[in-house]
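S.K.:
Number of protein chains: 2
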Amino acid sequence: MHTINNHLPGEGKVQGYHAQEISLLNSVDCVIFGFDGKDLKVLLVRFPYEPYRGHWSLIGGFVKPDTSIDEAARQTVANMTGLEDVYMEQIYTFGEVGRVPSERVITTCYYALIRVEPTLPRLSKQFEATWISVAKLPNMVYDHADMLDRALRRLRRRVRYQPIGFELLPPKFTMTELRSLYNSILDKDLEKRNFSKKLLIMGLLTKLDEQNKVTSRRGAFYFQFNEGKYRELIADGYLLEFVAAKKPNKKAN
Amino acid sequence: MHTINNHLPGEGKVQGYHAQEISLLNSVDCVIFGFDGKDLKVLLVRFPYEPYRGHWSLIGGFVKPDTSIDEAARQTVANMTGLEDVYMEQIYTFGEVGRVPSERVITTCYYALIRVEPTLPRLSKQFEATWISVAKLPNMVYDHADMLDRALRRLRRRVRYQPIGFELLPPKFTMTELRSLYNSILDKDLEKRNFSKKLLIMGLLTKLDEQNKVTSRRGAFYFQFNEGKYRELIADGYLLEFVAAKKPNKKAN
DNA sequence: GCAAAAGTGTTGGCATTACACCCATGG
DNA sequence: CCATGGGTGTAATGCCAACACTTTTGC
Chain A
10 MHTINNHLPG EGKVQGYHAQ EISLLNSVDC VIFGFDGKDL KVLLVRFPYE PYRGHWSLIG
70 GFVKPDTSID EAARQTVANM TGLEDVYMEQ IYTFGEVGRV PSERVITTCY YALIRVEPTL
130 PRLSKQFEAT WISVAKLPNM VYDHADMLDR ALRRLRRRVR YQPIGFELLP PKFTMTELRS
190 LYNSILDKDL EKRNFSKKLL IMGLLTKLDE QNKVTSRRGA FYFQFNEGKY RELIADGYLL
250 EFVAAKKPNK KAN
Chain B
10 MHTINNHLPG EGKVQGYHAQ EISLLNSVDC VIFGFDGKDL KVLLVRFPYE PYRGHWSLIG
70 GFVKPDTSID EAARQTVANM TGLEDVYMEQ IYTFGEVGRV PSERVITTCY YALIRVEPTL
130 PRLSKQFEAT WISVAKLPNM VYDHADMLDR ALRRLRRRVR YQPIGFELLP PKFTMTELRS
190 LYNSILDKDL EKRNFSKKLL IMGLLTKLDE QNKVTSRRGA FYFQFNEGKY RELIADGYLL
250 EFVAAKKPNK KAN
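For the record, the sequence lines run as chains A and B. First residue of the first sequence: 10, per my numbering; consecutive thereafter. First residue of the second sequence: 10, per my numbering; consecutive thereafter.
Here it is, written out as structure tokens:
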């Protein structure tokens, strides 16, 4: 690195062989996905500055000199939702020159997977943070629509060979809830029997004695994600697609 | 974005609501993959500055205020190889605070796929640029080993459902050359009959009349990548894995 | 005539799909 | 007793992996 094409008059205070380089603004934006039991949602806010005041926007923040970009993304999510230790993944860095009209900003986009309910009390006040269904997204500032698009495609792909979907559910969930989640992420209608069959055969779920009696008369058994089994599977080299997803998109859920 | 956790004393010259933010150095590093007909290689250089002078390094450059990061990566590859219009993909952005000891630098990593031979005359002088087999990588400066690792994993995954492998081959290639390429990327020994069968059934290859008489007495027919067919397939929703890759890793090639 | 690479067809097993009916319960 | 969602088994299909022999020709 740092070998070529990099000789401009310096402005910064950097030393050594970086001395002549110009520094730039860096930010992170977070696509916070949530699942409310029915639809896949993203957490959006109202942009607080002119000329885009009031437009929908992802949540973000600038990268400080003594903070890693991962940490900046983590803090962004924590500030907005109150949640720590959230599953996050870096998606892509947007570095076009004019993507933010007023300034050159390089923005790294992350997604986070969280559960919707625990955030609900903490939200709402800050910039009207709102859970919005990914099925009907509003217009957004800057290139945030691109970010969301990339995040969603990444999630859809990732969910097929890693059990990250569990991050969007409470620790205990019914098979129907799990399938409903996958249906809304993949925008497919996965076949009920095959879905549970596959998950159970792989051993990724532990069936509990407890039942959810709320949504049905009969009651539906709760399951837990079996993390030990998952580790075992990937250690053995299986990180297989674990959700059949071949049918063309019917109506989800 | 730009809503929270971002209020530090300003140093930069930015205006508006960014005024108090501090800017950082941004660079790009490129993992340039090449295939010499036998092994998958990366193009590395000798790092030119102390205290790492002479250590192996990826090729990179700083991001200028009026250049996008994609463009910076493109220029880096062009400067080092003389090649334009190269297949490139952004991999990941490395933003840990201490990853470059002397300075805070945020680096976005790309990979590029090119053919080895056309670069050979142009290389060598600049920082001893050298094609090195990915099978036996040397130690590298900073976190470049991590970059290479990520790039390689991305390539291995990508190559299974997008025909990017063709970018590493000349326009005309034999079935054996193609298989040899996939063998070295995936570090597997793909079965000869099944490999050609699958490719041919998918219609992604056009068989030419011409033969390569160099590597065998009998001669091997050349093929071309059928890009139209590829577009047709993805338009129809097939972006399937098109290389069988189940066998555990035997010896490649 | 033989070494060296190219080329090709068939089969068994497994995974995936598709499909329909019974169960348990609260009201 | 019935409406609602929960839960399960089987058969047909297609895809993939495994496998071995023939062809060509330069030397």
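Quick reminder that beta carbons are idealized off the backbone N, C-alpha and C, glycines included. The structure presented is a predicted model; accordingly, all values stated were derived computationally and were not measured.
To be precise: take each residue of the region 80-108 of chain B, compare its Cβ to all Cβ atoms of chain A, and keep it if any distance is under 8 Å. Which residues remain?
M.R.: 81, 84, 85, 88, 89, 99, 101, 102, 104, 105, 106
S.K.: Who pairs with residue 175 of chain A in a beta bridge, going by DSSP?
M.R.: DSSP lists no partner for residue 175 of chain A.
S.K.: Following the continuous alpha helix (DSSP H) through residue 167 of chain B, name the residue where it begins and the one where it ends.
M.R.: 153-167
S.K.: Using the DSSP secondary-structure output, state which residues sit across from residue 234 of chain A in a beta bridge.
M.R.: Beta-bridge pairing links residue 234 of chain A to A/214.
S.K.: With a threshold of 8 Å between beta-carbons, can residue 192 of chain A be considered close to chain B, or not?
M.R.: no
S.K.: How far does the beta strand (DSSP E) with residue 99 of chain B in it extend, from its first residue to its last?
M.R.: Note, residue 99 of chain B: beta strand (DSSP E), 96-103.
S.K.: Output needed for residue 120 of chain A: all residues of its chain with C-beta closer than 8 Å, excluding positions within five of it in sequence on either side, in chain order.
M.R.: 39, 40, 41, 42, 97, 98, 100, 160, 163, 164
S.K.: Note down, one range per segment and in chain order, each alpha helix (DSSP H) of at least 4 residues found wholly within the region 41-106 of chain A.
M.R.: Fully enclosed alpha helix (DSSP H) runs of 4 or longer: 78-90.
S.K.: How close, in whole Å, do the beta carbons of residue 95 of chain A and residue 81 of chain A come, if the pair is a contact with beta carbons under 8 Å?
M.R.: Contact doesn't hold; Cβ gap of about 14 Å is too wide.
S.K.: Short check: CB of residue 102 of chain B to CB of residue 116 of chain B, under 8 Å?
M.R.: yes
S.K.: For residue 31 of chain A and residue 70 of chain B, I'd like the C-alpha separation in whole angstroms.
M.R.: So the two alpha carbons sit approximately 12 Å from each other.
S.K.: If we ignore side chains and look at the alpha-carbon of each, how far apart do residue 253 of chain B and residue 212 of chain B end up?
M.R.: For residue 253 of chain B, the predicted structure reports a pLDDT of 48, less than 50, and the residue's modelled location is therefore unreliable. A value from the coordinates is still provided. Going by the C-alpha atoms only, they are around 16 Å apart.
S.K.: Kindly list the residues whose CB is nearer than 7 Å to the CB of residue 221 of chain B, restricted to its own chain and excluding five residues on each side of it in sequence; keep chain order.
M.R.: Residues of the same chain with a CB within less than 7 Å of the CB of residue 221 of chain B, apart from the 5 flanking positions on each side, are 183, 228, 229, 231 in chain order.
S.K.: How would you label residue 75 of chain B, buried or exposed, when you count the other beta carbons within 10 angstroms and need 16 or more for buried?
M.R.: exposed
S.K.: Measuring CA to CA, which of A/114, A/215, A/136, A/63 is closest to residue 88 of chain A?
M.R.: A/136
S.K.: Counting only the same chain and skipping the five closest in sequence on each side, list residues whose C-beta sits under 8 Å from that of residue 12 of chain B.
M.R.: Note that residue 12 of chain B scores a pLDDT of 42, beneath 50, so its modelled location is shaky; the value from the coordinates is reported in the next line. Once the five neighbours on either side are set aside, residue 12 of chain B has no close Cβ partner at all.
S.K.: Which residues in chain B sit within 7 Å of residue 74 of chain A, going by Cβ to Cβ distance?
M.R.: Chain B residues near residue 74 of chain A: 31, 33, 113.
S.K.: Tell me, please, which residues DSSP counts as bridged to residue 123 of chain B.
M.R.: B/43
S.K.: Could you tell me the alpha carbon to alpha carbon distance between residue 58 of chain B and residue 140 of chain B, rounded to whole angstroms?
M.R.: 21 Å
S.K.: Any beta carbon of chain B sitting closer than 8 Å to that of residue 128 of chain A?
M.R.: no
S.K.: Between which two residues does the beta strand (DSSP E) carrying residue 263 of chain A extend?
M.R.: Coverage of chain A is limited to positions 10 through 262, which leaves residue 263 of chain A absent and any answer about it impossible.
S.K.: At 7 Å on the CB atoms, spell out the chain A contacts of residue 64 of chain B, in chain order.
M.R.: Those within 7 Å of residue 64 of chain B in chain A number zero; the least Cβ separation is about 11 Å.
S.K.: Is residue 243 of chain B helix, strand or coil when you go by DSSP?
M.R.: helix
S.K.: May I have the straight-line CA-CA distance separating residue 77 of chain A from residue 215 of chain B, to the nearest angstrom?
M.R.: 49 Å
S.K.: In whole angstroms, what is the alpha-carbon distance linking residue 67 of chain A and residue 122 of chain A?
M.R.: 14 Å
S.K.: Given that a residue counts as buried once 16 or more other Cβ atoms are within 10 Å of its Cβ, and exposed if not, what is residue 209 of chain B?
M.R.: Around the Cβ of residue 209 of chain B, a 10 Å sphere holds fewer than 16 other Cβ atoms; the residue is exposed.
S.K.: From this set, B/107, B/49, B/238, B/185, which residue's C-alpha is nearest residue 142 of chain B's C-alpha?
M.R.: Answer by Cα proximity: B/49.
S.K.: Which residue wins for smallest C-alpha separation from residue 129 of chain A, given the options A/111, A/242, A/186, A/45?
M.R.: A/45
S.K.: Have a look at residue 153 of chain B and residue 56 of chain B and give me their C-alpha separation to the nearest angstrom.
M.R.: 12 Å
S.K.: In the DSSP assignment, what are the bridge partners of residue 114 of chain B?
M.R.: B/34
S.K.: Output, in chain order, the set of chain B residues within a Cβ distance shorter than 7 Å of residue 42 of chain A.
M.R.: Simply none; closest approach about 17 Å.
S.K.: By alpha-carbon positions, which one of A/60, A/62, A/124 ends up nearest to residue 86 of chain A?
M.R.: A/124
S.K.: In chain B, which residues lie with their C-beta within 9 Å of the C-beta of residue 117 of chain A?
M.R.: The contacting residues are 102, 104, 115, 117.
S.K.: What residues are listed by DSSP as bridge partners for residue 28 of chain A?
M.R.: According to DSSP, which records beta bridges pairwise, residue 28 of chain A is partnered with nothing at all.
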